[in-house]
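Notes follow once the structure below has been shown.
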Amino acid sequence: MLPVYSLYIHIPFCVSKCKYCDFFSVATGKKKVSQTYIDALCKELSVRLPENNIHSLKTIYIGGGTPSLLSHVQLVQIFSTIKSIVTMTDDAEITIEVNPDDVTQNLLTSFKQVGVNRISCGIQSMCNESLRYASRRADLFNNKKALDILKGWEGKLSLDIICGLPEETEQSFMTCLKDLLEAEPDHISMYSLTIEDETPFGQLYNEGKLNLDFDFSDSLWIKAKEYLSDKGYFQYEVSNFSRKGFECKHNLVYWNHEGYLGCGCGATGSLYKEDGTAIRISNKNNINLYCNYWLSVSRENAENPQNIEMVNLSDSIFEYFMMGLRKVSGVQEKDFVDKFRMEIPENILNVLMSWNRKNLCEITGYAPQRTFTLGINGILYLNKFLEEIL
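Using the working numbering, the first residue of the sequence shown is number 1, and each one after it goes up by one.
What follows is the structure, given as structure tokens:
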């Protein structure tokens, strides 16, 4: 198994659920995280980190759910567990997601004390009507207050925004971007609104009760992209923009087809072998099952909360292009050969060449050192490209 240097931790608790969210989490109505869950999480970490020969970490990403609901004592417990097993590299990136409604100076102090050096805050919109429609916990006042506090954060700052929420106008969205940039973030994640069937938005949309103009959303995204570019934020992935040198190291692990461990209920991790195949371990979306297993005196007699999938070579190659071509920098031929110990399959190479002739794929360099990128135009049709290489 290839070495792993990245860890994802899932905190599946929220005070309330947003109508568009399809990530695994449970709404508790309370601003706290179950201590039983944290005990189980730390037990999993104490077993799986050494079990997978992980001795050093370059990135940790704590997502959710709402990790900003963790108490200081719980944060200390998690990081004490991790640091008792592994060392952190000098330039390690340690990210935690926060809800604007939870942002206080005390919270930032708590983060700093445990070693967090990057915050990802989900602002999503600065339009009160959109925030209410999406059932966001933080309103415009909370968002502005959070941005004022986050401007003083000494570490790296990333802000999330959703393009195309109901009730959003071009004026409100562009105003939102301007407000976000006043906080001087290093990184912006700008997502187009996607409708998932199992979410409240998905149900409303399928019933014809949610009126969305996807063309308007697309035009708004393009306008916003140009605005961010003018302000010094370059697009390095389909939905992500940053100042030079402030790309999200952890997410690049996913996009670069590198291994990572996933801990916590609902978390997934991929462990790659030298031949390019992988073992994908996913924790089931069942908190009681998860806690019972990891806190059991005898885990051999407890129901296993994990799903284990063997990712074969062809699926792994497909995922390599699916994730790698999301990056504006694309994929490198030499990197593919290093990862899979083989040349790029002929059918995929033919599609790349075909798209190049249609000005949808840029090819630089010469074999075996070529770089393939879908470019500004082709990246909009990534799904079509993936259909053609299947």
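The beta-carbon is built from N, C-alpha and C at its ideal position, and this holds for glycine as well.
Remember, predicted model here, so these are calculated numbers, not experimental data.
Sort Glu333, Lys358, Glu167, Lys284 by Cα distance to Glu346 and report the nearest one. Per the Cα distances, Glu333.
From the DSSP output, read off the bridge partner residues of Ala183. None, per the DSSP bridge assignment.
In three-state terms, what does DSSP make of Lys31? Collapsing the DSSP output to three states places Lys31 in coil.
Is the Cβ-Cβ distance between Cys361 and Thr199 less than 8 Å? No, the Cβ-Cβ distance between Cys361 and Thr199 is not below 8 Å.
Taking the alpha helix (DSSP H) that Ser110 falls in, what are its first and last residues? Note, Ser110: alpha helix (DSSP H), 105-114.
Quick check for students: name the residue ranges of the alpha helix (DSSP H) that lie wholly in the region 154-223, counting only runs of 4 or more. List check, alpha helix (DSSP H) in window: 170-181, 200-206.
Would DSSP call Lys284 helix, strand or coil? The three-state reading of DSSP puts Lys284 in coil, since its state is none of H, G, I, E or B.
Please report how far the alpha carbon of Leu374 lies from the alpha carbon of Glu207, in whole angstroms. Glu207 has its alpha-carbon roughly 36 Å from the corresponding atom of Leu374.
So, is Tyr343 buried or exposed, given that buried needs 16 or more other C-beta atoms within 10 angstroms? Correcting the residue identity first, residue 343 is Glu in this sequence and not Tyr. Classification of Glu343: exposed, given that the 10 Å Cβ count is below 16.
What are the boundary residues of the beta strand (DSSP E) that Asp335 is part of? Looking at the DSSP string, Asp335 is not in any beta strand (DSSP E); the run it does join, the alpha helix (DSSP H), is 333-340.
Tell me, which residues are paired with Lys327 by DSSP? According to DSSP, Lys327 bridges with Glu237.
To the nearest angstrom, how far is the alpha carbon of Arg118 from that of Leu193? One C-alpha to the other measures close to 25 Å.
In terms of residue numbering, what span does the beta strand (DSSP E) encompassing Gly262 cover? For Gly262, the enclosing beta strand (DSSP E) begins and ends at 261-263.
Considering just the uninterrupted stretch of the alpha helix (DSSP H) at Tyr254, what are its terminal residues? Unbroken alpha helix (DSSP H) run through Tyr254: 249-255.
So, is Pro166 buried or exposed, given that buried needs 16 or more other C-beta atoms within 10 angstroms? Result: buried.
Nearest residue (CA-CA) to Glu93, options His250, Tyr254, Trp255: Of the listed residues, the one whose Cα sits closest to Glu93 is His250.
Under the criterion of a Cβ to heavy atom distance below 7 Å, does Glu170 qualify as lining the ligand ATP? Inclusion of the ligand ATP in the displayed structure is not the case, the ligand content being empty and no account of it being possible.
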